[in-house]
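K.L.:
Below is one structure. I have some questions about it.
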Amino acid sequence: MTSRRTFLRAGGVLAAAAATQGCADVFAWQRGTSHDSATPFGSPVGREIDRISHSISRLSYGARPGDWDRVRALGATEDQAIARYIDEQLQFDKRDESANRAVRRLEAIAEPLGELYEYSPAVLHEQLCVSSLLRAVHGERQLHEIMVAFWADHFNIDSSKGDCRWLTPAFNRAVLHPHALGRFPELLRAVVLSPGMLWYLDGRVNRRGSASERPNENYARELLELHTLGVRGGYTQYDVMETARALTGWTVRSKHASFMGIGRVAFDAALHDDGAKRVLGRDIPPGGGASDVDALLRIVTGQWRCATFIATKLCRRFIDESPSPQSIDAVSRTFAATGGDINASLRTLFDTAEFRTVRASRLKRPFHFIVSALRAVDAQTDDAQPITRWLERMGHVPFQFPTPDGYPDNAASWTGTLQWRWQFATALAENGVQGTRVARDDLRRRAGGDDGLLAHLFGRTATMHERAAADASGDMLALALASPAFQRY
Amino acid sequence: MRSPHDDQPHRAHRSLELAPTLYATSERDDARALVVIFLRGGADGLALIPPIDDDAYHTARPTIGIASRDAIRLDDRFGLHPRLAPLQPLFAAGQLGVVHAVGSDDSTRSHFEAQDHMEQGGTTAGGWLGRFLRARDASAPGALSAVAIGTELPQSLRGAPSAAVVRNLDDFSIGVERPQMRQAIAALYANEQGTLGSLLADASRDTVRALERSAAMQRESARPANGAEYPADEFGRGLADIARLIKGRVGLSVATIDLGGWDSHFTQGSVIEPLMDRLARGLAAFHTDLGASRMAQTTVVVMTEFGRRVAENASRGTDHGRGSVMLTLGAGAAGGRVRADWRGLASGLLEGPGDVPVTTDFRDVLAPILHLHGAPALSSVFPGRVSAATHG
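Chains as they are written, first to last, in our numbering: chain A, 1 to 489; chain B, 1001 to 1392.
Structure below.
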């Protein structure tokens, strides 16, 4: 055991070094082609954040130089431009070449399921973090990336538990990515039958091979409490036990048992409790076997409580920490009427009066803050690993939250990170983040001067107070990135 | 958007906090600090705290055993290795506690597996200190609430709300250095309004105060207090830095530091005796440096992933075993005694290939300490272990 781990860890160092070298290559393309460093860009004018900036700040990880111009130009009127921007993000039908290019050298996490086990967990985790960062910074399908992160919290798994050390990359790419803007029941089914979640919440050992074996209720409880209905979501302990019975028999082939098909999920009828079940007042007839899971998920996702639970979380992410009952109701109705269509639910959300009128009411979490800062200044990153160190300090490394409820999405949980945000802002502006470069003089010139640059960063004209602080600080860019306005979205 | 009237209670609350007496109570630093020293490599509990009256011990270790006359007697069963002599006064004063035959239920005898298992605190995901900090600080943990001395975040701190890896405090710039930048930032945050704005304004004020305290600490002489003398090595300097953070009142709740090199398969004495010397002098200096009042709010825990085989091997070393010792110092130490469910070292009483059986789970030692340090529900730190936890 020791020697194998030691070997893989040693191998890991080499692989990490290779990955780092690869990154230098990845970004070569950006310097010449993307947002060239001469093109001027426009910024909004006005005391309040304008609707274009608001839409960009909610549907993306923040405006890059030029984004405001591009979105405004999508339509003749502001309304039309925003509608087309929402369409573009909800129905992104091209391949996201920018994102793919940014992560193409991260080869370990792209390996087929069984071969992930050939890598050291440290390498896989590092590549997964770097990949999440780079896709969020460079991807064009921004709303999709945001929803991947949203579901990564909703269906949290921690890559340090058991075989999750190897299975998390597969969970990310095969479960979260394909379904992020799809249909919730399909996303949920993919989660329930994923090797990552079967490991993380012990579903793989939930079995009833004999009358004396009691099902493992761990996943059943979280399925109801965290994944679909919410705590106090109208289910009882009896429902948890019946849900656990319906989920018995799903196994993951372990690396100890076999060299073939490691990590593959299979249904073992001999370990399944095939009797009749009753969940939330609905019957699952006996003899269903592997189809019990589908009957179960139909019952659970068909609950009104499931619609309101998901709608509330979506409204919280995109509108306000305490969204209005009207917004939640509107999104819940669409969710229920469309059979859990995430895309349609978001369209309804973006159309609520509350979404259109609210401004900068939410605190960016550390990942969001860092990504938005890198985007705002058109940072060029040759090596993203030093940036993951900043995420570590702020306690927001992807796939590293220990408990199944995922990173908290309320402002109070994150205010202790201010000091690190200020330090990152200063370091980024002063070109002190290792592996990352900001062409700050070009940026200022392209923005048409200080006023334009501040308006780009804030989505509105800076206040007198902000201008005064910027002048007093000695470094306007650092101050703006550290400012309260830039912590909000 | 909320109406400005919603902000009235927050405003009133904040202006109250500016009154000098209440000002202090709003500080995040509750002054309780937990310091975890991990002895990596599997430290030999039978050398650190030898069972000097057990004949089986001397039989199994004819050349490397600690003779009864060389050890410093702690009680009617155990002694202290002579190289740990600086710890004797602390034990006598009830400041230092020893737990013997302690360990985890991981029986792989693999360093990596056992360390991961112990630092995760069982098979639950994340680290036990990370879960502790999350459970304790339901909202707004301080920016310097957790500090790892070293170059990488230990597994135990995985999932912490905020964790800084610091190699050396003097190289580490706490906060934004330029005063005009600090003032400009503070001015903007103080001007924030609304629900989120009030939250940011409060957090900014707390942060600025922590920064000022740590800046003052940086300016002060790094000289330890009360004539404490740390060993002049990286471990000693790390402990001194932790003491500075505690004395600087920057809001430190948890600090971790490693002392590695305990894997004594070969000529054990030459490998671990220098380490014991550094450990004992470091702990004694730390205790002196902090002084009685700060020690009353600080607990130090010394732990290792496993102990060594009872019988020495042919190269005067010992191989990977099971039970070892934990040391506890300060507030949560339960000091002045050796706690052990000790069954002796006769061959029939040993585990597996001849190892000290683990009769105390390390989590049961940590649980009351975490409780003292403010963990609201131990079930969230060590799921499934709460029943065994005693609060004393």
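Every residue gets a Cβ at the ideal spot worked out from N, C-alpha and C, and that includes glycine.
Just list the residues that DSSP pairs B:H1100 with in beta bridges.
P.N.:
BP columns for B:H1100 point to B:V1325.
K.L.:
Is A:S361 close to chain B? Criterion is C-beta to C-beta, closer than 8 Å.
P.N.:
With 8 Å as the cut-off, A:S361 counts as an interface residue toward chain B.
K.L.:
Please check if any C-beta of chain B sits within less than 8 Å of the C-beta of A:M1.
P.N.:
Since pLDDT at A:M1 reaches only 33, below the 50 mark, its modelled position is unreliable, and the value read off the structure follows with that caveat. Yes - at least one Cβ of chain B is within 8 Å of the one on A:M1.
K.L.:
So for B:Q1180, helix, strand or coil by DSSP?
P.N.:
The answer is helix: DSSP assigns B:Q1180 an H, G or I state.
K.L.:
Are the C-beta atoms of B:D1029 and some chain A residue less than 8 Å apart?
P.N.:
Low confidence applies to B:D1029: its pLDDT is 45, below 50, so where it sits in the model is not reliable, and the reading given next is rough at best. So, not an interface residue.
K.L.:
On the three-state DSSP scale, how would you describe B:F1306?
P.N.:
The answer is coil: DSSP assigns B:F1306 none of H, G, I, E or B.
K.L.:
Tell me which residues share the same chain as B:R1109 and place their Cβ nearer than 6 Å to its Cβ, disregarding the 5 neighbours each side in the sequence.
P.N.:
Once the five neighbours on either side are set aside, the close Cβ partners of B:R1109 are H1320.
K.L.:
Could you tell me the alpha carbon to alpha carbon distance between A:L374 and B:L1039, rounded to whole angstroms?
P.N.:
Cα to Cα, A:L374 sits roughly 40 Å from B:L1039.
K.L.:
Using only the alpha-carbon positions, how far apart do A:C23 and A:R135 sit?
P.N.:
Its pLDDT being 43, under 50, A:C23 is placed unreliably by the model, and the measurement read from it follows with that caveat. Roughly 13 Å between the two C-alpha positions.
K.L.:
Could you check if A:L226 is buried or exposed, using at least 16 other CB atoms within 10 Å of its CB as the buried criterion?
P.N.:
Its Cβ being crowded by 16 or more others within 10 Å, A:L226 is buried.
K.L.:
Which of the three DSSP states is assigned to A:F41 in this structure?
P.N.:
Note: A:F41 maps to coil in three-state DSSP.
K.L.:
Which ranges does the alpha helix (DSSP H) cover as unbroken runs of at least 4 residues, wholly within the region 359 to 422 of chain A, from first to last along the chain?
P.N.:
As far as the region 359 to 422 of chain A is concerned, its whole alpha helix (DSSP H) runs of at least 4 residues are 366 to 376 and 385 to 393.
K.L.:
Below 7 Å on C-beta distance, what does A:K277 contact in chain B?
P.N.:
What A:K277 touches in chain B: nothing, since even the nearest Cβ is about 27 Å away.
K.L.:
Go to B:F1362, then tell me how far its alpha helix (DSSP H) extends in each direction, as first and last residue.
P.N.:
Its alpha helix (DSSP H) spans residues F1362 to L1372.
K.L.:
Leaving out five residues before and five after A:V293 in sequence, what residues of the same chain have Cβ atoms less than 8 Å from its Cβ?
P.N.:
Closer than 8 Å at the Cβ level, and outside the excluded window around A:V293, lie R189, V192, L193, A246, L247 and W250.
K.L.:
Just the Cα atoms here: how many angstroms apart are A:A290 and A:R488?
P.N.:
If you take the alpha carbons of A:A290 and A:R488, they lie about 46 Å apart.
K.L.:
Hey, out of A:L74, A:A63, A:H272 and A:T338, whose CA is closest to A:Q303's CA?
P.N.:
Nearest option by C-alpha distance: A:T338.
K.L.:
Assign B:A1296 to one of three DSSP states: helix, strand, or coil.
P.N.:
DSSP places B:A1296 in coil when its eight states are reduced to three.
K.L.:
Distance cutoff 8 Å, beta carbons only. Does B:P1376 sit that close to anything in chain A?
P.N.:
Closer than 8 Å: no.
K.L.:
Starting from B:L1199, find everything on chain A with Cβ-Cβ shorter than 9 Å and list it in chain order.
P.N.:
Near B:L1199 (Cβ distances below 9 Å), the residues of chain A are L363, A411, A412 and T415.
K.L.:
Using a C-beta cutoff of 8 Å, does A:F184 count as contacting chain B?
P.N.:
False, the Cβ-Cβ gap to chain B never drops below 8 Å.
K.L.:
Less than 8 Å between C-beta atoms, sequence neighbours within five positions excluded: which residues of the same chain meet that for A:P215?
P.N.:
Correct list, in chain order: N206, R207, R208, M241, A244, R245, L247, T248 and D273.
K.L.:
Hey, is B:L1211's beta-carbon within less than 8 Å of any beta-carbon in chain A?
P.N.:
Chain A contact via Cβ: present.
K.L.:
By the criterion of Cβ-Cβ separation under 8 Å, what are the contact partners of B:E1192 in chain A?
P.N.:
Those within 8 Å of B:E1192 in chain A are P484.
K.L.:
If B:L1153 and B:L1329 are in contact, beta carbons under 8 Å, what's the gap, nearest whole angstrom?
P.N.:
At roughly 24 Å, the Cβ-Cβ gap does not stay under 8 Å, so B:L1153 and B:L1329 are not in contact.
K.L.:
Measure from the alpha carbon of B:R1363 to the alpha carbon of each residue in B:G1097, B:L1080, B:G1103 and B:D1054, then state which is nearest.
P.N.:
It is B:G1103 whose Cα lies nearest to the Cα of B:R1363.
K.L.:
Where does B:G1384 sit, in a helix, a strand or coil, going by DSSP?
P.N.:
Here B:G1384 sits in coil by DSSP.
K.L.:
The region 462 to 475 of chain A: which residues have C-beta closer than 7 Å to a C-beta of chain B, in chain order?
P.N.:
So the list reads H465, E466, A469, A472, S473, G474 and D475, given in the order they occur along the chain.
K.L.:
Can you grab the Cα-Cα spacing for the pair A:F367 / A:C129, in whole Å?
P.N.:
Each residue's Cα considered, the two are about 10 Å apart.
K.L.:
On the criterion of 16 or more Cβ atoms from any shown chain inside 10 Å, does B:H1005 qualify as buried, or is it exposed?
P.N.:
The pLDDT assigned to B:H1005 is 40, lower than 50, so where the model puts this residue is not dependable; a value taken from the coordinates is nonetheless given after this. Exposed, since its Cβ has fewer than 16 Cβ neighbours within 10 Å.
K.L.:
Comparing alpha-carbon positions, which option in B:H1265, B:D1258 and B:G1227 lies nearest B:E1119?
P.N.:
Nearest option by C-alpha distance: B:D1258.
K.L.:
Write down the C-beta distance between B:H1081 and B:V1325 rounded to the nearest angstrom, noting that I regard them as a contact closer than 8 Å.
P.N.:
Between B:V1325 and B:H1081 the Cβ distance is about 11 Å, and since that is not below 8 Å, they are no contact.
K.L.:
Can you tell me where the beta strand (DSSP E) with A:I310 in it begins and where it stops?
P.N.:
From DSSP, A:I310 is part of no beta strand (DSSP E) but of the alpha helix (DSSP H) over W304 to F318.
K.L.:
Going by C-alpha distance, which of A:G406, A:L349, A:I284 and A:K277 is nearest A:T308?
P.N.:
Of the listed residues, the one whose Cα sits closest to A:T308 is A:L349.
K.L.:
Suppose contacts are defined by Cβ-Cβ distances below 8 Å. Is A:D153 in contact with A:G459 by that definition?
P.N.:
Cβ atoms of A:D153 and A:G459: not closer than 8 Å.
K.L.:
Mind checking who A:F267 pairs with in its DSSP beta bridge?
P.N.:
Answer is A:W250.
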